[in-house]
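S.K.: My questions will all concern the structure given below.
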Amino acid sequence: MTTSALRTEAQGNMVTESYRGPASRSDIVRQVMVIVALAVTIFVNYLSQVLPLNGRTAGEISDSFPVRFTPAGYVFSIWSVIYQGLIAYAIYQALPGQRANPRLRAITWPFILSCMANSTWIFAWHYGYYTVALVIIALLAISLAVLYARLYPYFPTVTTAEQWTTHIPFRIYLGWATVATIANTTITLYNFGWQGAPFGAPVWAAILLVVASIIGLFFAVGLRDAAYTLVLVWAFVGIYVKQTDAPLTAYTAL
Numbered sequence: 150m151t152t153s154a155l156r157t158e159a160q161g162n163m164v165t166e167s168y169r170g171p172a173s174r175s176d177i178v179r180q181v182m183v184i185v186a187l188a189v190t191i192f193v194n195y196l197s198q199v200l201p202l203n204g205r206t207a208g209e210i211s212d213s214f215p216v217r218f219t220p221a222g223y224v225f226s227i228w229s230v231i232y233q234g235l236i237a238y239a240i241y242q243a244l245p246g247q248r249a250n251p252r253l254r255a256i257t258w259p260f261i262l263s264c265m266a267n268s269t270w271i272f273a274w275h276y277g278y279y280t281v282a283l284v285i286i287a288l289l290a291i292s293l294a295v296l297y298a299r300l301y302p303y304f305p306t307v308t309t310a311e312q313w314t315t316h317i318p319f320r321i322y323l324g325w326a327t328v329a330t331i332a333n334t335t336i337t338l339y340n341f342g343w344q345g346a347p348f349g350a351p352v353w354a355a356i357l358l359v360v361a362s363i364i365g366l367f368f369a370v371g372l373r374d375a376a377y378t379l380v381l382v383w384a385f386v387g388i389y390v391k392q393t394d395a396p397l398t399a400y401t402a403l
């Protein structure tokens, strides 16, 4: 085993040491809490689109702001992939054989916090509390980053089933939360009346794309995380498609 692999394993052991031990009744409660938290999140998101909340869908609200860090509508279909992955995680962690899994124990509360943030963001966004929505989406990203950090050291050593039901779904989710946080920031600034001075909206969008690209390179090269990186690529292509009338933004996205 290489030195880096040993270091990664040691870091992982430190992360989950306090979560080791035989299965108990509290683990069953934990498994149920995860399922309930996800079910509530999906239900709130479903209602927000079907009703829709406050008379507009999330996409319609986003389109009402002339900001440049906004991808084409089809890009938001990634939510279906995210929720399918989260459902797979909820089912996997609920299996009797996973009750004492220290990795799943370690991510329970970050996951529940992410569900709370997801659901409350919906209400803040639909009812026009954009600054509050930005704070909430940042909390969502932070909770997913904590979850990611707790899972990351184990990816090479866990089963394929755990990789595809737990690790990869959350990598995709964190990637999209990164994009959403940047997009929410631009919308909040616009809502405050900032028009991008002194550079203008297209230049700032290009700058944000460069920042997002640097983050993506860190995950791609430093962490060797293809799932997270592909989400950013998906978003960048969508920004190119949406912003073809602003060549600087569009070509920076590529």
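Just so you know, we're using the working numbering here: the sequence shown kicks off at 150 and counts up by one.
Even for Gly, the Cβ is constructed at its ideal location relative to N, Cα and C.
1. Going along the chain, which unbroken runs of the beta strand (DSSP E) with 3 or more residues stay wholly within the stretch 229–292?
2. Looking only at its chain, what residues have a beta carbon closer than 8 angstroms to the beta carbon of G208, apart from the 5 residues adjacent to it on each side?
3. Rounding to the nearest angstrom, what Cα-Cα distance links A249 and T206 in this structure?
4. Would you call the stretch 280–298 in contact with the stretch 316–326, where contact means no fewer than 3 C-beta pairs closer than 8 angstroms?
5. Cβ of I291 within 7 angstroms of Cβ of S197?
6. Please go through the stretch 188–216 and give each complete alpha helix (DSSP H) segment of 4 or more residues, from N-terminal end onward.
7. Could you tell me the distance, in whole angstroms, from the CA atom of M182 to the CA atom of I261?
8. Between I336 and G246, what straight-line distance do the alpha-carbon atoms span, to the nearest angstrom?
9. Please state whether DSSP places A332 in a helix, a strand or coil.
10. Which residue's Cα is closest to the Cα of L283: T330, I356, I191 and N203?
11. Have a look at V216, Y389 and C264 and flag the residue whose alpha-carbon is nearest the alpha-carbon of I184.
12. Report the rounded CA-to-CA distance for F192 versus T309, giving the unit in angstroms.
13. Considering only C-alpha positions, which residue in the set A376, F385 and Q312 is nearest to Y241?
14. Are the CB atoms of L357 and F218 nearer to each other than 7 angstroms?
M.R.: Taking the coordinates as given:
1. none
2. Residue numbering aside, residue 208 sits at position 59 when the sequence shown is read from its first letter. Once the five neighbours on either side are set aside, the close Cβ partners of G208 are G222 and F225.
3. Reading the sequence shown from its first residue, position 100 is the one you call residue 249. Reading the sequence shown from its first residue, position 57 is the one you call residue 206. Their backbone Cα atoms lie some 40 angstroms apart in a straight line.
4. yes
5. Here residue 291 is taken as the residue at index 142 of the sequence shown, counted from 1. Here residue 197 is taken as the residue at index 48 of the sequence shown, counted from 1. Their beta carbons are not under 7 angstroms apart, which means I291 does not touch S197 by this criterion.
6. 207–212
7. In the sequence shown, counting from the first residue as 1, residue 182 sits at position 33. In the sequence shown, counting from the first residue as 1, residue 261 sits at position 112. So the alpha carbons of these two residues sit roughly 8 angstroms apart.
8. Reading the sequence shown from its first residue, position 187 is the one you call residue 336. Reading the sequence shown from its first residue, position 97 is the one you call residue 246. So the alpha carbons of these two residues sit roughly 45 angstroms apart.
9. Within the sequence shown, numbered from 1, the residue matching residue 332 stands at position 183. Helix.
10. The sequence position of residue 283 within the sequence shown is 134, counting from 1. Cα-wise, what sits closest to L283 is T330.
11. Position 35 of the sequence shown, counted from the start, is the residue given in the question as residue 184. If we check each option's Cα against that of I184, C264 comes out closest.
12. One-based indexing of the sequence shown puts residue 192 at position 43. One-based indexing of the sequence shown puts residue 309 at position 160. In a straight line, the C-alpha of F192 is about 29 angstroms away from that of T309.
13. Translated into the one-based positions of the sequence shown, residue 241 becomes position 92. Of A376, F385 and Q312, the residue nearest in Cα terms is Q312.
14. Counting from one through the sequence shown, the residue named residue 357 turns up at place 208. Counting from one through the sequence shown, the residue named residue 218 turns up at place 69. Contact: yes.
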